[in-house]
Amino acid sequence: GKKLNFTIDNGKIHNVSLGQGQEIVAENALDVASEQGHWVILQNIHLVARWLSTLDKKVERYSTGSHADYRVFMSAEPAPSAETHIIPQGLLENAIKITNEPPTGMHANLHKALDLFTQDTLEMCSREIEFKCILFALCYFHAVVAERRKFGAQGWNRSYPFNNGDLTISINVLYNYLEANPKVPWDDLRYLFGEIMYGGHITDDWDRRLCRTYLSEYIRAEMLEGETYLAPGFLIPPNLDYKGYHEYIDENLPPESPYLYGLHPNAEIGFLTITSDKLFRTVLEMQPKESDTGGGAGVSREEKVKAVLDEIMEKLPEPFNIAEIMAKAVDKTPYVVVAFQECERMNILTHEIRRSLKELNLGLKGELTITSDMEELANALFYDSVPESWTHFAYPSLLGLGAWYSDLLLRIRELEVWTTDFVLPATVWLAGFFNPQSFLTAIMQSMARKNEWPLDKMCLSVEVTKKHREDMTAPPREGSYVHGLFMEGARWDIPSGAIADARLKELTPMMPVIFIRAIPVDRMDTKNIYECPVYKTRMRGPTYVWTFNLKTKEKAAKWILAAVALLLQI
28 GKKLNFTIDN GKIHNVSLGQ GQEIVAENAL DVASEQGHWV ILQNIHLVAR WLSTLDKKVE
88 RYSTGSHADY RVFMSAEPAP SAETHIIPQG LLENAIKITN EPPTGMHANL HKALDLFTQD
148 TLEMCSREIE FKCILFALCY FHAVVAERRK FGAQGWNRSY PFNNGDLTIS INVLYNYLEA
208 NPKVPWDDLR YLFGEIMYGG HITDDWDRRL CRTYLSEYIR AEMLEGETYL APGFLIPPNL
268 DYKGYHEYID ENLPPESPYL YGLHPNAEIG FLTITSDKLF RTVLEMQPKE SDTGGGAGVS
328 REEKVKAVLD EIMEKLPEPF NIAEIMAKAV DKTPYVVVAF QECERMNILT HEIRRSLKEL
388 NLGLKGELTI TSDMEELANA LFYDSVPESW THFAYPSLLG LGAWYSDLLL RIRELEVWTT
448 DFVLPATVWL AGFFNPQSFL TAIMQSMARK NEWPLDKMCL SVEVTKKHRE DMTAPPREGS
508 YVHGLFMEGA RWDIPSGAIA DARLKELTPM MPVIFIRAIP VDRMDTKNIY ECPVYKTRMR
568 GPTYVWTFNL KTKEKAAKWI LAAVALLLQI
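Throughout the sequence shown, residue numbering follows the working numbering, covering 28 to 597 in sequence.
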């Protein structure tokens with residue numbers, strides 16, 4: 028604009044940041060600009076979804092017969108998914124589109140973070156050594172948190188909009204604090220960066236812990252002696268100039284690998300597998316629906332759906348007779364209440380499966396009109412995915428339909444065994460519950476009653492045994508043995524009884540049987556432990572169940588950065 032003498036000052040550029048009440052301002056700007064040959068910049072048009080059709084019509088109306096110099100620039104955030112896409116097709120088709128792709132890989136990210144500053148920035152602080160040292164560590168931290176996203180749920184539980192502003196403001200804060208304090212206020216700086224500047228975006232407690240841990244590893248007093256490794260083999264650089272830092276990165280940063288983020292190489296295998304699965308599923312769903320499979324020799328779509336439907340119906344057990352089960356339980360212990368709740372929820376799920384499949388069956392026979400719900404159910408059966416109407420009543424799971432249904436039958440079997448006499452199994456399959464928290468709470472309740480302890484001053488003690496499910500013959504006197512948990516990000520080493528580095532290509536090794544009982548909070552062992560989150564699936568985030576304290580011989584920070592968690596289903 029400046030080159031061609033279009034500026035905001037001389038009135039030839041109309042810059043409108045859209046939001047409430049700005050639509051009329053934008054319309055006036057377009058009217059004036061199209062007549063007088065000005066430029067219009069409309070920022071964040073995704074915020075005014077209802078007005079976009081008006082904008083589309085206006086842009087189209089002025090696309091002919093306007094002043095030769097008239098131009099319109101628009102900016103918008105990309106939609107998170109195809110369904111939430113709101114920019115009208117007309118605007119997209121007629122515009123020249125420019126996207127700002129974030130850099131990929133640690134190397135590009137670190138250079139880009141450093142590019143936000145200049146030699147002048149490095150020289151502006153009177154305490155040059157401390158300032159430059161922390162600035163470089165913050166650039167590395169910024170690159171790590173931005174790029175860690177690519178590891179999916181093992182990177183961050185939820186995705187966050189970290190941006191360049193977070194880094195530049197953090198550097199301003201750093202400058203102000205160093206100028207104002209005789210000593211470097213390490214704790215204050217870490218708090219400001221980790222809880223406010225970057226932490227302000229973070230909504231998940233585990234992600235907040237991860238962010239704090241990165242900062243306590245990267246920004247600490249030892250870094251001034253040059254003894255802090257930002258990653259294996261990558262030391263904090265000595266005091267250099269701006270160009271020197273860029274060269275230091277080129278010469279010393281190890282090649283791209285999960286180690287640069289504190290993760291285990293298995294994290295990369297996991298996320299690449301998920302990405303390729305998604306790709307294959309998308310390709311499969313794009314196949315023409317009515318084509319002859321395998322050159323005419325295959326079964327038709329409807330025949331395949333009918334076969335899957337019949338197989339599911341044939342194996343579906345009868346619902347639990349709640350009245351009969353209630354009559355059997357003399358004593359309403361916390362465990363019995365959990366069993367009732369589980370049976371009731373299982374009945375709701377199996378009822379929906381039975382109802383929807385019967386309906387679809389009649390539809391396939393031609394006795395009922397096929398509705399959109401039946402169509403969706405048939406598609407799910409054809410593509411081996413769990414129908415949405417079922418997942419609504421079920422538990423979180425990432426399995427395909429075949430594996431999901433086998434898993435469902437196992438869960439029903441466990442409940443049947445448990446409700447025959449209400450004796451706790453020798454070892455309980457924790458993943459078999461709709462609501463595993465209720466079982467863990469029942470352990471606390473029953474021990475609180477037995478020992479007359481106050482429930483609000485209790486917690487769970489978790490002891491990993493050296494045995495596997497087959498070796499267990501009887502339940503413990505108090506508490507419960509549980510099995511069927513998997514560790515992601517590391518493995519459990521039975522001989523040393525502690526967390527150890529994962530073996531390559533063993534993504535989710537099985538845990539031995541775990542002994543869980545309740546103890547008063549003040550007896551809790553807090554030394555040499557890692558607070559390990561337990562999730563229902565690899566999605567993590569919203570599937571959180573509980574926190575298990577596991578023994579570790581190394582610092583807990585290592586496992587926090589490696590995103591070590593226990594999973595109930597893989």
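All residues carry an ideal CB built from backbone N, CA and C; glycine is no exception.
Residue i versus the options, residue with shortest Cα-Cα distance
{"i": "R328", "options": "D520, L425, Q314 and E497", "result": "Q314"}
{"i": "K305", "options": "N388, L137, L425 and P560", "result": "L425"}
{"i": "K333", "options": "V86, I125 and E402", "result": "E402"}
{"i": "I198", "options": "M353, L577, V450 and C166", "result": "C166"}
{"i": "I196", "options": "V172, L143 and I156", "result": "L143"}
{"i": "Y571", "options": "L216, T131 and A458", "result": "A458"}
{"i": "H419", "options": "A589, H378 and D268", "result": "H378"}
{"i": "S44", "options": "F100, H94 and D528", "result": "F100"}
{"i": "I546", "options": "A517, L467, Q368 and Y557", "result": "L467"}
{"i": "L595", "options": "V455, A475 and K477", "result": "V455"}
{"i": "A517", "options": "K493, C559 and R496", "result": "C559"}
{"i": "H495", "options": "T535, L531, R476 and A453", "result": "A453"}
{"i": "H65", "options": "L311, L82, L31 and L79", "result": "L31"}
{"i": "S433", "options": "E351, A405, E338 and V364", "result": "E338"}
{"i": "V363", "options": "W78, L442 and P344", "result": "L442"}
{"i": "W213", "options": "R235, I161 and A170", "result": "I161"}
{"i": "S473", "options": "E415, P361 and R440", "result": "P361"}
{"i": "Q116", "options": "V310, G38, T81 and L201", "result": "T81"}
{"i": "P344", "options": "I40, S507, L437 and S102", "result": "L437"}
{"i": "L451", "options": "V365, C486, A527 and W480", "result": "V365"}
{"i": "A140", "options": "L194, N203, R236 and Y187", "result": "L194"}
{"i": "L137", "options": "L257, Q181, G48 and S303", "result": "L257"}
{"i": "L280", "options": "G393, A525 and F163", "result": "F163"}
{"i": "L237", "options": "K580, W586 and I597", "result": "W586"}
{"i": "F33", "options": "H73, I72, R98 and L74", "result": "R98"}
{"i": "S465", "options": "E369, S243, P264 and I40", "result": "E369"}
{"i": "N190", "options": "I597, G227 and A207", "result": "G227"}
{"i": "I125", "options": "K580, I526 and A103", "result": "A103"}
{"i": "T500", "options": "V540, W519, A527 and I521", "result": "V540"}
Residue i: first and last residue of the uninterrupted beta strand (DSSP E) it sits in
{"i": "K86", "result": "A small correction: the amino acid at residue 86 is Val; Lys does not occupy that position in the sequence shown. Not the beta strand (DSSP E): V86 falls in the alpha helix (DSSP H), residues L79 to R88."}
{"i": "A258", "result": "Y256 to A258"}
{"i": "A248", "result": "Premise fails: A248 is in no beta strand (DSSP E) and is neither H nor E."}
{"i": "K578", "result": "Y571 to K578"}
Element boundaries [alpha helix (DSSP H), containing residue i]
{"i": "W213", "result": "W213 to Y218"}
{"i": "A583", "result": "A583 to L588"}
{"i": "F307", "result": "N293 to E312"}
{"i": "W417", "result": "E415 to T418"}
{"i": "K331", "result": "R328 to K342"}
{"i": "Q368", "result": "P361 to K392"}
{"i": "I198", "result": "N191 to A207"}
{"i": "F461", "result": "Element bounds for F461: n/a, residue is neither H nor E."}
{"i": "G429", "result": "L428 to D448"}
{"i": "H73", "result": "Run containing H73: none; DSSP gives neither H nor E here."}
{"i": "A164", "result": "E155 to E174"}
{"i": "K270", "result": "Y269 to N279"}
{"i": "S399", "result": "S399 to F409"}
{"i": "K355", "result": "I349 to K355"}
According to DSSP, residues forming a beta bridge with residue i
{"i": "H41", "result": "V67"}
{"i": "I229", "result": "None, per the DSSP bridge assignment."}
{"i": "R518", "result": "A527"}
{"i": "S507", "result": "I543"}
{"i": "Y562", "result": "Y571 and L594"}
{"i": "F261", "result": "A258"}
{"i": "I556", "result": "K578"}
{"i": "N455", "result": "Checking the displayed sequence, the identity of residue 455 turns out to be Val instead of Asn. Paired residues: V509."}
{"i": "M551", "result": "Partner(s): none; M551 has no beta bridge."}
{"i": "M537", "result": "F513"}
8 Å contact criterion, which residue i and residue j should meet: CB distance rounded
{"i": "A589", "j": "L290", "result": "6 Å"}
{"i": "D83", "j": "L118", "result": "5 Å"}
{"i": "E283", "j": "G179", "result": "Wrong, their Cβ atoms sit about 17 Å apart, outside the cutoff."}
{"i": "N348", "j": "K532", "result": "So it is not a contact: roughly 47 Å between Cβ atoms."}
{"i": "T535", "j": "M566", "result": "With a Cβ gap of about 14 Å, T535 and M566 do not count as contacting."}
{"i": "L470", "j": "G506", "result": "According to the sequence provided, residue 470 is Ile. The question's Leu does not apply to it. So it is a contact: roughly 6 Å between Cβ atoms."}
{"i": "L201", "j": "F168", "result": "With 8 Å as the limit, L201 and F168 do not qualify as a contact, their Cβ atoms being about 12 Å apart."}
{"i": "L408", "j": "V335", "result": "5 Å"}
Practice item. Ignoring anything shorter than 4 residues or poking outside the segment 465–502, list the alpha helix (DSSP H) runs there in chain order. Key: For the segment 465–502, not one full-length alpha helix (DSSP H) segment reaches 4 residues or more.
Exercise for review: Tell me the start and end of each unbroken alpha helix (DSSP H) in the segment 91–152 that is at least 4 residues and wholly inside, in chain order.
Suggested key: 116–121, 133–141 and 146–150
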